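Scroll down for the structure; my scribbles are underneath it.
Protein chains: 2
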Amino acid sequence: MDVEALIEGVLAGDRRTVARAISAVEDDAPELEALSAGIYGSTGRAATIGLTGAPGVGKSTLAAELVRVARAEDRRAAVLAVDPTSPYTGGALLGDRVRMQDHAVDPGVFIRSMATRGHLGGMALAAPEAVRILDAAGYEVILLETVGVGQAEVDVAAATDTAIVVLAPGMGDAVQMAKAGILEAADVFVVNKADRDGAPDVAKELKQMLHLGEARDWNPPVVLTSATAGEGIDEVWGEVREHRDQAEASGALAAKRRARLLREAESLAAERFRAAAARALDDDAALAEDLVERRLDPYAAAHELLRRASS
Amino acid sequence: MDVEALIEGVLAGDRRTVARAISAVEDDAPELEALSAGIYGSTGRAATIGLTGAPGVGKSTLAAELVRVARAEDRRAAVLAVDPTSPYTGGALLGDRVRMQDHAVDPGVFIRSMATRGHLGGMALAAPEAVRILDAAGYEVILLETVGVGQAEVDVAAATDTAIVVLAPGMGDAVQMAKAGILEAADVFVVNKADRDGAPDVAKELKQMLHLGEARDWNPPVVLTSATAGEGIDEVWGEVREHRDQAEASGALAAKRRARLLREAESLAAERFRAAAARALDDDAALAEDLVERRLDPYAAAHELLRRASS
Chain U
1 MDVEALIEGV LAGDRRTVAR AISAVEDDAP ELEALSAGIY GSTGRAATIG LTGAPGVGKS
61 TLAAELVRVA RAEDRRAAVL AVDPTSPYTG GALLGDRVRM QDHAVDPGVF IRSMATRGHL
121 GGMALAAPEA VRILDAAGYE VILLETVGVG QAEVDVAAAT DTAIVVLAPG MGDAVQMAKA
181 GILEAADVFV VNKADRDGAP DVAKELKQML HLGEARDWNP PVVLTSATAG EGIDEVWGEV
241 REHRDQAEAS GALAAKRRAR LLREAESLAA ERFRAAAARA LDDDAALAED LVERRLDPYA
301 AAHELLRRAS S
Chain A
1001 MDVEALIEGV LAGDRRTVAR AISAVEDDAP ELEALSAGIY GSTGRAATIG LTGAPGVGKS
1061 TLAAELVRVA RAEDRRAAVL AVDPTSPYTG GALLGDRVRM QDHAVDPGVF IRSMATRGHL
1121 GGMALAAPEA VRILDAAGYE VILLETVGVG QAEVDVAAAT DTAIVVLAPG MGDAVQMAKA
1181 GILEAADVFV VNKADRDGAP DVAKELKQML HLGEARDWNP PVVLTSATAG EGIDEVWGEV
1241 REHRDQAEAS GALAAKRRAR LLREAESLAA ERFRAAAARA LDDDAALAED LVERRLDPYA
1301 AAHELLRRAS S
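If you read the protein sequences in the order shown, they are chains U and A.
Numbering follows this note's numbering, with no gaps: position 153 of the first sequence is 153.
Numbering follows this note's numbering, with no gaps: position 292 of the second sequence is 1292.
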């Protein structure tokens, strides 16, 4: 499939082409740059929502429920599930989730697991491009679901307009999340499995920790849900909408998107530079030997690599 | 203090100058590159040992005991404790450890906590330079202690010749470590607090997981210790020595050090390039606007940043 057909198919919202385009991102395929350039003008319209939380808290069920609400409003929706720490797609990551299957036959819903088989810079750079493909294909609500609570997941969640952090009783404590920088990254907190013992305590602990933090323009709400029973979902949706409306009105959303794009371009350039530097060290045995034989220290070698890039 | 005096002081093994030099690394001070160049020829002599493991497993006590063994052999020893996830030095990180204080008055021992206040690329790039300073100052055994079990700690531990991973009963399971890539990074496993219930089980579980892995030239041993009672320390020391002797004889140590230096130079160059790219985007409002207004996609912007670096 040539790049022009790929671009046209994505812009026309053709599902198979969208799937191929996301595979091209996963593989860092040669056509990726032309694809990116071809669709970029048609992006920036979708509302993107991140879903982060420890395994087992019910992120997928919550995602399926949010898709249901979006569809009830007749908005096209996509779910992209990523594991930033794994180069392989867990085949079962989304496929065997019963609730997600409810949406599988709906042409207005696109569901996909994603891995980073070859993309330089990993998921933090691959995910935003995949989100843009879905955006260009006309999906108006895009949910980006990650599997863990580490720095990589925070980075991926930061690539969305509204970041939801999901917790559940007995599934990792708030202190651990605070350490990973997750509290700062969240726009909306969801305490799922609200029917279980301990859910109100988790919500209370969370509110106390948030209260200790600095005052901000937007104070992240804490919503109790029981996703399997469909309870609390409308409230989550309302808070996401409220966050988005306020961020749009205040200019915070535009500022966030701008910072995100600059950071992405900078990171893409740095990763490509790194690959070129690695090749230069591979190709130039003399430079590598100078380093190993302690004639040229690492900082001086870095200067030499930068000098070569600029000559 | 001028750079020449800094270099001379480090090479003479002057403790205060060594402390200042490590502070220069933490701050990414302007004199860092000249310092690095000035001491590099006098490095590569020390045996470097990484100590990684969850908080509370007893890494500091083990480090203090290993220092004791090194001193009994009349070898100068240094301990560098780093928290890769924190930009701040925990003042109490080492200072209040009783056993470490036993060494505080010994002129043949240097103890230091380290943070990354300003170093580009974080601890993964700051730690190797600090280790070289200690190496150039004549410390023959250098212990690099990290506080957690994440990817950042694995990266720091990889900067040493022999990586010890420390576990203890009830302190995080082996499966979690496997996910973080720690099993692959370890040359020697220590199960500390061997007097506690569950220690033999931890050792057994670990051996089973190691058995599942690929066969390698060096099969990491699992040593049970009770560091507070000084038990098992000689065996750990013996395994570290055995690992080092075998890695030296096979050429694995030279290959590891070579790969490490190439990777370090490449990363230093990439981080410096990234900083230059960020400045370029700051300085060139038109480029940033093209990106934000969707006239120039992130990949194309990255190309432009690379092009500018090479013109």
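Where a beta carbon is used, it is the ideal one built from N, C-alpha and C, also for glycine.
Quick caveat, the model's predicted, so the values are computed rather than measured.
At least one beta carbon of chain U lies nearer than 8 Å to the beta carbon of Ala-1269 of chain A.
For Ser-113 of chain U, the enclosing beta strand (DSSP E) covers residues 109-114. Under the Cβ distance rule, Asp-1106 of chain A does not count among the residues neighbouring chain U, no pair being separated by less than 8 Å. A contact between stretches requires three or more CB pairs, one per stretch, nearer than 8 Å, and the region 1013-1033 of chain A meets this requirement with the region 1107-1114 of chain A. When DSSP reads this structure, Gly-1013 of chain A sits in no beta bridge, so it has no partner.
Look at Arg-20 of chain U: its C-beta is not under 8 Å from any C-beta on chain A. When the beta-carbon positions are compared, Gly-1198 of chain A and Pro-1169 of chain A come within less than 8 Å of each other.
Only those residues of the region 1039-1051 of chain A whose C-beta falls short of 9 Å from the nearest C-beta of chain U are listed: Ile-1039, Tyr-1040, Gly-1041, Ser-1042, Thr-1043 and Gly-1044. Taking 8 Å as the CB threshold, Ala-1301 of chain A lines the interface with chain U. Between the region 1047-1059 of chain A and the region 1154-1165 of chain A there are three or more inter-stretch CB-CB distances shorter than 8 Å, so the stretches are counted as touching.
Taking each of U:Ala-130, U:Arg-68, U:Leu-134 and U:Ala-47 in turn and checking the Cα distance to Asp-102 of chain U, the smallest one comes out for U:Arg-68. Looking from the CA of Ala-1124 of chain A, the closest CA among A:Ala-1104, A:Pro-1200, A:Gly-1138 and A:Asp-1083 belongs to A:Asp-1083.
In this structure, Ile-142 of chain U lies near Ala-78 of chain U, with their beta-carbon atoms less than 8 Å apart. Nearest CB-CB separation between Asp-1297 of chain A and chain U: below the 8 Å threshold. The beta carbons of Ala-227 of chain U and Glu-65 of chain U sit closer together than 8 Å. Under the three-state reduction of DSSP output, Ser-1226 of chain A falls in the strand class. A straight line joining the alpha-carbon of Ala-276 of chain U with that of Glu-1266 of chain A spans about 9 Å. Nearest CB-CB separation between Arg-16 of chain U and chain A: not below the 8 Å threshold.
Using beta-carbon distances, Val-292 of chain U counts as an interface residue toward chain A, with a partner under 8 Å. The C-alpha of Gly-44 of chain U is placed about 35 Å away from the C-alpha of Arg-279 of chain U. Between the alpha carbons of Ala-152 of chain U and Arg-244 of chain U lies a distance of about 24 Å. Between Ser-1250 of chain A and chain U, the shortest Cβ-Cβ separation is not below 8 Å.
Note: Ala-1078 of chain A is bridge-paired with A:Phe-1110 and A:Ile-1142 in the DSSP secondary-structure output.
In chain order, Asp-297, Pro-298, Tyr-299 and Ala-300 make up the part of chain U whose C-beta sits under 9 Å from the C-beta of Ser-1036 of chain A.
Straight through space, the alpha carbons of Arg-241 of chain U and Val-292 of chain U are spaced by roughly 56 Å. With a contact defined as Cβ atoms closer than 8 Å, Ala-130 of chain U and Val-10 of chain U miss out at about 11 Å.
Gly-1038 of chain A sits in a helix when the DSSP states are folded into three classes. Cβ-Cβ distances below 8 Å link Lys-1256 of chain A to Asp-1161 and Ala-1247 in the same chain, with the five nearest sequence neighbours on each side left out; the list follows chain order.
Relative to the Cα of Gly-232 of chain U, the nearest Cα in the group U:Glu-73, U:Pro-30, U:Asp-28 and U:Ala-63 belongs to U:Ala-63. From the listed residues A:Leu-1305, A:Leu-1306, A:Tyr-1299 and A:Arg-1294, the smallest Cα separation to Ser-42 of chain U is found for A:Arg-1294. The three-state secondary structure of Glu-1248 of chain A, taken from DSSP, is helix.
Rounded to whole angstroms, the Cβ separation of Glu-1033 of chain A and Tyr-299 of chain U is 5 Å, and the two are in contact under 8 Å. In this chain, the alpha helix (DSSP H) harbouring Val-131 of chain U covers 123-136. In this structure, DSSP gives Leu-1212 of chain A a helical state, which the three-state scheme calls helix.
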